[in-house]
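Protein chains in written order, with our numbering: chain A, 95 to 883; chain B, 18 to 363.
This is the structure in structure tokens:
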């Protein structure tokens, strides 16, 4: 939260429309989420010049109030309303907190032209019984009648609520930083606040010795003050802290916060009398303990930075002070710390201890040592002025900060190239001046030194282009398209097979799912049809999302459950997703789940229910589409949690690439069929280029044959014998009829054989010869009998 | 001659009285078969004297032709009658319900992604994907996000092993992989839609798994204005030709300058409504000029090459476009909800 009244101390905002300024600030890169104006209009200082009892009430009074321009009759119920006091008057039209609008009205038949206000009614105090009993607020005699009461109340501030979430620099976190932002937008200059103060003869160096024993503290400075008088802060400090969202405590604590909100530099105040004369900054020992200001015992690790008195920790650096050196109302002598700690270390400590504070946030963003210096001086200035402190001379400084300037050399053309705009050198000079970036210009080349306060800017032309671009205004960019040579884009790698599989399955009436990659151990164990172990997350958010799945089928079962619970009857699903095994081996898979009716027409009593052969048909259709016609086969295979008699491995070129099966009734009662194929395996196989083949000019001869075989012999076995014996002229073999239990334990199975020769008309004799050979082969190699016609 | 006339009269009168196609065919069979009355007349012909033969023959021919004609007519009549009756009988109630085929709806995120892909492919961008279990090196280091960088805090990541492997927290590592594979001397146009993971508790607006659509263009003369023009194309395709676009400064570690890209609110036409939180604008993506460090890390010389990169959240696009309020919608697959998405869209 930024107070614009505060910003006004550093940059001239006279006559600026602060709503409009907020828009400009947003366009230049810092998002002003909300402009809060707590000013109440029609609020003036008045004086009660007469006060009579109300004729129809035992507690109301009729007051005549002089507001300078006129005298108003106002009915008031406050016990302290009386002639002669100055009060805050809400005139008709004023809107008080809670959307309470003041209107001219009658109170028990007496006209009232406004309201005399208590502070809680203006939202400046909490509404408590105590505050209520105080009655209306009495204004000091010296305050002028007719004055805008907002000025008297210091209630004329405008606050910007910033979206600091992304902002890279810490300049949203302190008023001087924000003042620089506004100054460059408005092309004005920043004036820094006064820091000059008196120093007594006694030296800090005689009172404290500082040793820094860790690389995580590049800068540590300390000053000391004596004889502070701890009391309430002056109103402006309290008001500004409140507006920035901090609670005033006492003048000393408030000053440390005030300086932090000015310079972005957190300070820490130690009670010098409890600290002793030594400071050692080091990394904590594992299991080292400290009781912090909030009276909690904190257990530290070696990654935390601590301030110690040479023995025990007195502060968790950058995060929270220790109780043992806390500034109390009795404190007289203070050691002021202004330091820089490693941003990553502070962030880690604050988040591990769950102690994100205003200070730790600022340390975590990184700090500018110039302000570290100024802030300690500013604190001394304020302590001297508002806490009667005597400042000891000198500063103890440990300084290992790299002060190398960041310098960027560039030409205007480079900026134009990045932004796609057309500035000239003079324009760039103007922008650099606005940014207050010192530069040299020679031979059309700029040499810019990045100010230390801009920790976020690196020494490259893109960073300068960004600064110039945001001032130029991205809304002023003209849209162009890249000019480089191009061609139609392609799907690279296995993206194409994924897209094509998806396209075909949707066409076949399956709905696409997307489920979570992370699954529970129970889900992961359901269908282990491959020898794959799961990746287990070392720190999962919850156990139901703790493993990386190797198969999608359990997730589809969940989608099935979800829809069944919502009374959806026919559920046709597929999902394509990457899966991983414990060695991070990737396998892109497609899973299918089908249940219910695939095709229905109730009034015609038509119902094609999903069964094994339908899902097998879907798989065949997909494999044919992907170019694997005649290259796949299916072998029975027992798979955990699938029906032992209805589960197969799908082979392409005799290699397993997936499974089809029915969910085991122990797992789900319903008739649910599932399949899963490895698209990675399919992608790795090549397919033949598509070629036209003209239909045969010669007629085909069709013959049927039927065999009686044991129920256990599957059709594929017989078919394979037929195919092999049929040779070149046997174009196709298909099962066209089946009688299960034709006789005890046997079935009858009939095949349709199509004979065709690409080069000549077949003669019946020729076909019959082969036909008989086939029958002979089948009946001699298999326990099969030819069934009589 | 009278024989002909009598026979003609007899046949025609009988033909006149036929009631069905069968009767006609029977009649024809009776009279016109080889031994039937008409053949008998023809047989008579050979016994006649030459002059008579000529006259009688001509008359007989005419008679036969007329007879054929008459039968043909009658047959056609009955055939038509029959087919009309058949058609009448086959008439159905066309209002009865059709045979239902199951729906094949896309996942809504995939639908949005396919739409975005088709626009970018037409502009020459390849569609690439990369591993979801990714190395820290690609996911962060190459992208100018070293260990300890605050940008890592914002992307609370699922680490898998020793902080070297992770579930990718963004699809940007695919860009790094493509740049490295391209060898630093060829222009690149690519998008990489895909799944990403962050440690967020699932609720209406957060999902530990989500989808990004990131894109990258690297060439010798690429500017922020080119990015603006490219963004215009995709924004108008997704949200309508009449929307406006704007860029606002932003910050991402792998781009410099960085922008947030807004579209004018399509719901209120920029007047201000709850969708755009009364601003008239909706942020739809983040983008920027590829940071020189990233180019350098991935084998491209930033003195020669420039590029832009952009990233959309597929969920956000879909939620905006179709008015979806709960991000879990995409991962639940309620068939009653996605039914409607099995259709074309302009």
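All residues carry an ideal CB built from backbone N, CA and C; glycine is no exception.
Residues near residue i by beta carbon distance below 7 angstroms, same chain, minus five either side
i: residue 493/A; result: 313
i: residue 150/A; result: 202, 203
Member of the options whose CA lies at the smallest distance from the CA of residue i
i: residue 185/B; options: 225/B, 207/B, 199/B; result: 225/B
i: residue 491/A; options: 375/A, 460/A, 577/A; result: 375/A
i: residue 346/B; options: 223/B, 269/B, 155/B; result: 223/B
i: residue 644/A; options: 610/A, 419/A, 520/A; result: 610/A
i: residue 77/B; options: 63/B, 321/B, 230/B; result: 63/B
i: residue 349/B; options: 553/A, 320/A, 651/A; result: 651/A
i: residue 700/A; options: 126/B, 363/B, 114/B; result: 114/B
i: residue 403/A; options: 719/A, 420/A, 369/A, 724/A; result: 369/A
i: residue 100/B; options: 252/B, 312/B, 37/B; result: 37/B
i: residue 102/A; options: 419/A, 270/A, 487/A; result: 270/A
i: residue 752/A; options: 729/A, 875/A, 851/A, 762/A; result: 729/A
i: residue 162/A; options: 717/A, 797/A, 238/A; result: 238/A
i: residue 140/A; options: 105/A, 172/A, 318/A, 211/A; result: 211/A
i: residue 424/A; options: 324/A, 338/A, 577/A, 762/A; result: 324/A
Check whether residue i and residue j have beta carbons under 8 angstroms apart
i: residue 816/A; j: residue 849/A; result: no
i: residue 676/A; j: residue 629/A; result: yes
i: residue 123/B; j: residue 606/A; result: yes
i: residue 326/A; j: residue 345/A; result: yes
i: residue 426/A; j: residue 322/A; result: yes
i: residue 892/A; j: residue 868/A; result: Residue 892/A lies beyond the stretch modelled for chain A, which goes from 95 to 883, so this question has no answer here.
i: residue 307/B; j: residue 278/B; result: no
i: residue 59/A; j: residue 453/A; result: Nothing in the structure corresponds to residue 59/A, since chain A is present only between 95 and 883.
i: residue 365/A; j: residue 304/A; result: no
i: residue 673/A; j: residue 722/A; result: no
i: residue 595/A; j: residue 647/A; result: no
i: residue 302/A; j: residue 373/A; result: yes
i: residue 107/A; j: residue 254/A; result: no
i: residue 257/A; j: residue 127/A; result: yes
i: residue 746/A; j: residue 731/A; result: no
i: residue 42/B; j: residue 87/B; result: no
Same chain only: Cβ atoms within 8 angstroms of residue i, ignoring 5 sequence neighbours per side
i: residue 165/A; result: 143, 158, 159
i: residue 135/A; result: 187, 188, 189
i: residue 878/A; result: 801, 802, 803, 807, 812, 872
i: residue 69/B; result: none
i: residue 361/A; result: 350, 353, 354, 430, 431, 432, 469, 470, 473
i: residue 335/B; result: 125, 126, 128, 129, 341, 347
Listed by chain order, chain D residues near residue i by CB distance under 7 angstroms
i: residue 559/A; result: In the structure shown, chain D does not exist; the protein chains are A and B.
Residue i Cβ short of 7 angstroms to the ligand COA heavy atom set
i: residue 241/B; result: The model on display carries no ligand, and the ligand COA is accordingly not part of it.
Where residue i falls: helix, strand or coil (DSSP)
i: residue 199/B; result: helix
i: residue 322/B; result: coil
i: residue 661/A; result: coil
i: residue 269/A; result: helix
i: residue 615/A; result: helix
i: residue 479/A; result: helix
i: residue 278/A; result: helix
i: residue 338/B; result: helix
i: residue 322/A; result: coil
Close-in-space but distant-in-sequence residues of the same chain around residue i (CB under 6 angstroms, 5 per side omitted)
i: residue 394/A; result: 378, 382
i: residue 331/A; result: 348, 352
i: residue 769/A; result: 686, 709, 713, 754
Contained alpha helix (DSSP H) runs [length at least 4] in the region 786-824 of chain A, N- to C-terminal order = 809-820
Completely contained alpha helix (DSSP H) runs for the region 336-420 of chain A, where each covers 4 or more residues = 345-357, 366-369
Hey, which unbroken runs of the alpha helix (DSSP H) at 4 residues or more fall wholly within the region 235-279 of chain B?
-> 241-256
Every unbroken beta strand (DSSP E) within the region 165-233 of chain B, with a cutoff of 3 residues, ordered by chain = 176-178, 182-184, 205-214
Write down every uninterrupted run of the beta strand (DSSP E) in the region 447-512 of chain A whose length is 3 residues or greater and which is fully enclosed by it, in chain order.
-> 484-487, 490-493, 501-504
Going along the chain, which unbroken runs of the beta strand (DSSP E) with 3 or more residues stay wholly within the region 677-713 of chain A?
-> 680-689, 691-695, 700-703
Within the region 113-153 of chain A, ranges of the beta strand (DSSP E) (whole runs, at least 3 residues) | 126-131, 137-147
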